[in-house]
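What follows is one structure encoded as structure tokens, with my remarks underneath.
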Amino acid sequence: MIKFGLSLRAVAMAACLSFAGPSSAADLGSECCNDLEERIADLEATTARKGNRKVSLTITGYVTKQIMFWNDGVERNAYISDIGPTQATNFRITGEASISPGVNAGYMIRIQDLTDNPMGSSQNVPSTNQGLNVQMANWYVASKQLGKLSLGKNALAAKSAAMFTDLSGTQVIANYVLFDGGAFFLRSNGALTNLRWGDFGYCYAQQRPWGGDCDGIVMNGVRYDSPTFAGFSMSASWGEDDDWEIAGRYVGQVSGFKLAFGVGYSVNTDENTQPPPISTSKDSAYFQAGGYAQHLASGVFVHAAYGSEDNNGERTLAGFTEPNSHQWYLKGGIRRQWLPMGSSVIYAEYGAYIDQLSPTALAAGATSSEFERFGFGFVQEIDAASMSLWIKYREHHAEIDGASIGDIDDFRYISTGALINF
Numbered sequence: 097m098i099k100f101g102l103s104l105r106a107v108a109m110a111a112c113l114s115f116a117g118p119s120s121a122a123d124l125g126s127e128c129c130n131d132l133e134e135r136i137a138d139l140e141a142t143t144a145r146k147g148n149r150k151v152s153l154t155i156t157g158y159v160t161k162q163i164m165f166w167n168d169g170v171e172r173n174a175y176i177s178d179i180g181p182t183q184a185t186n187f188r189i190t191g192e193a194s195i196s197p198g199v200n201a202g203y204m205i206r207i208q209d210l211t212d213n214p215m216g217s218s219q220n221v222p223s224t225n226q227g228l229n230v231q232m233a234n235w236y237v238a239s240k241q242l243g244k245l246s247l248g249k250n251a252l253a254a255k256s257a258a259m260f261t262d263l264s265g266t267q268v269i270a271n272y273v274l275f276d277g278g279a280f281f282l283r284s285n286g287a288l289t290n291l292r293w294g295d296f297g298y299c300y301a302q303q304r305p306w307g308g309d310c311d312g313i314v315m316n317g318v319r320y321d322s323p324t325f326a327g328f329s330m331s332a333s334w335g336e337d338d339d340w341e342i343a344g345r346y347v348g349q350v351s352g353f354k355l356a357f358g359v360g361y362s363v364n365t366d367e368n369t370q371p372p373p374i375s376t377s378k379d380s381a382y383f384q385a386g387g388y389a390q391h392l393a394s395g396v397f398v399h400a401a402y403g404s405e406d407n408n409g410e411r412t413l414a415g416f417t418e419p420n421s422h423q424w425y426l427k428g429g430i431r432r433q434w435l436p437m438g439s440s441v442i443y444a445e446y447g448a449y450i451d452q453l454s455p456t457a458l459a460a461g462a463t464s465s466e467f468e469r470f471g472f473g474f475v476q477e478i479d480a481a482s483m484s485l486w487i488k489y490r491e492h493h494a495e496i497d498g499a500s501i502g503d504i505d506d507f508r509y510i511s512t513g514a515l516i517n518f
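Going by our numbering, the letters in the sequence shown line up with residues 97 to 518, in that order.
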């Protein structure tokens, strides 16, 4: 975390004193110092510093990269990339000011690095370069008694309500979204097809092959969050054009267990949520629920998430009925501090994506599908550097009815990388 509070003028004076000779060390009107002070004055006019304004400025974020070794049954290779478009390397600019006791106003801007987006990775593309992206930009007013109201490009009420209950320290590293591996083409009996793994983990609500977390992007909207009572809170939002969401959350400790629960429901009727449009009209309702429980004494934990999408019989541009679908995810493991550097986490995971057929899969004749993904991994935290190192293994398996593509070959990969917070 970086806070700006250093006096630039003090730096200028110190520089002048250190470079001035014995006869001129006290002469702050010298040509050297006058020139430097003029430059510093220009900087001060455009630089936010702690204490010179009523609104604070803080920069936080993280940097994360991985190397992914993959094998599709015929071809194998290694790619270096980030870890996904919604949880990629980023920095956040936030600030807050006090309006009155218990009432604050603030803002948040989040910039993502999408120069190495792994959701574009396939057999012939290591990653896609989408540059820097302003993922969020919003302001808010918050009251301890009345709650928080925010407006702008924002995480709306139910965003990732199920997935974000994972408090194991592995949520960014391992979850049920197809951040990596989803864009690879399937092989059938060794031959490449024109279908990708993400075509069997498609979310119509947000028109993307996320797999899980079908309410996981940010949108322009207005959101209200209630105050937290005994660990419980409620949220509601409206996003253009149109998206309605409600959610409930709980975080707390009970009888030696750390607990977190989340539930959300959203209805999206905007055909252009993520262009290009894939249907003439949209009416996607998404329900999600998730939870986490960790025994504090032993470190044993379990996390589960479930999502169900109802597309209400709407049709794709090609005339196919958009299927109703669901997915679920389970992760279990142990989190303990065996080493002095920080906690270690060992986990295993399993996810299933049922009938999440994309417009491309429907056009290929697919009528139903079951896409399974399982894996395991190890994470080592280094507290002194706010850092996590990981290595993980995953395997994809799918059974598809209707499409004449034969048996699908399994896809496997190992990735290792690190995340460092600042």
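Virtual Cβ for every residue (Gly too), placed ideally from N, Cα, C.
Reference residue i; option with closest CA among the options
| i | options | result |
| --- | --- | --- |
| Q476 | T156, S333, T266, R490 | T266 |
| S421 | K378, D366, Y382, G243 | Y382 |
| L153 | T417, T289, N290, G191 | G191 |
| Y300 | A457, I207, T182 | A457 |
| M164 | D212, G227, A201 | D212 |
| Y236 | L242, V230, G317, S246 | S246 |
| A174 | S223, G202, T365 | S223 |
| F397 | K249, I430, K378 | I430 |
| G202 | D209, A233, R172, N220 | A233 |
| S256 | S377, V199, Y402, P371 | Y402 |
| D321 | S439, G216, K240, F416 | K240 |
| T261 | A414, S362, G348 | G348 |
| L392 | N229, A258, S439, D209 | S439 |
| M330 | R319, E341, R345 | R345 |
| Q219 | T417, L282, G395, K249 | L282 |
| Q183 | M259, I155, S465, V199 | M259 |
| V363 | P371, D311, K249 | D311 |
| L413 | A448, T376, S394 | T376 |
Extent of the continuous beta strand (DSSP E) run through residue i
| i | result |
| --- | --- |
| L228 | 228-239 |
| L426 | 421-435 |
| E445 | 438-450 |
| G360 | 353-364 |
| W334 | 328-335 |
| K488 | 483-497 |
| V347 | 339-350 |
| A389 | 380-391 |
| P478 | Residue identity differs from the one stated: residue 478 is Ile in this sequence, not Pro. From DSSP, the beta strand (DSSP E) with I478 extends over 464-478. |
| L247 | 243-250 |
| N225 | First-last for N225: undefined, no H or E at that position. |
| M315 | 315-321 |
Alpha-carbon spacing of residue i relative to residue j, whole angstroms
| i | j | result |
| --- | --- | --- |
| A351 | L515 | At residue 351 the sequence reads Ser, which differs from the Ala that was named. Rounded to the nearest angstrom, the two C-alpha atoms are 32 Å apart. |
| A556 | A253 | The displayed coordinates of the chain run from 97 to 518. Any statement about residue 556 would go beyond what the structure contains. |
| K161 | A279 | 18 Å |
| K244 | I189 | 19 Å |
| W334 | T185 | 28 Å |
| F275 | P214 | 6 Å |
| G180 | G473 | 18 Å |
| F518 | F187 | 9 Å |
| S511 | E336 | 37 Å |
| Y446 | R469 | 6 Å |
| I374 | E410 | 11 Å |
| T463 | N368 | 25 Å |
| I269 | W486 | 8 Å |
| S194 | A389 | 36 Å |
| E405 | P197 | 43 Å |
| G157 | I205 | 11 Å |
| Y509 | W166 | 4 Å |
| Y489 | G471 | 5 Å |
| D339 | I207 | 23 Å |
| I450 | W424 | 9 Å |
Counted within 10 angstroms of its Cβ, other Cβ atoms place residue i as buried (16 or more) or exposed
| i | result |
| --- | --- |
| F325 | exposed |
| F507 | buried |
| W434 | exposed |
| Q452 | buried |
| K427 | buried |
| P118 | Low per-residue confidence applies at P118: pLDDT is 42, beneath 50, and the placement is therefore not dependable, though the value from the model is reported in the following sentence. Flag for P118 reads exposed. |
| A499 | buried |
| D309 | buried |
| G286 | exposed |
| R304 | buried |
| K150 | exposed |
| E171 | exposed |
| E495 | exposed |
| G227 | exposed |
| R292 | buried |
| V314 | buried |
Bounding residues of the alpha helix (DSSP H) (the contiguous stretch that carries residue i)
| i | result |
| --- | --- |
| T530 | Shown here, the chain extends from 97 to 518; a query on residue 530 therefore has no answer. |
| L458 | 455-459 |
Proximity test, Cβ basis, 9 Å: residue i and chain B
| i | result |
| --- | --- |
| A201 | Judged by its chain identifiers, the structure shown contains no chain B, having just a single protein chain. |
Legend entry - 3 or more residues per run - each beta strand (DSSP E) lying fully within the segment 152-215: Runs found: 154-167, 172-177, 186-196, 199-209.
Inset, instruction - At 3 residues or longer, and completely inside the segment 281-309: list those beta strand (DSSP E) runs for me, N to C. - result: With a minimum length of 3 residues, the continuous beta strand (DSSP E) runs that stay inside the segment 281-309 are 281-284, 287-292.
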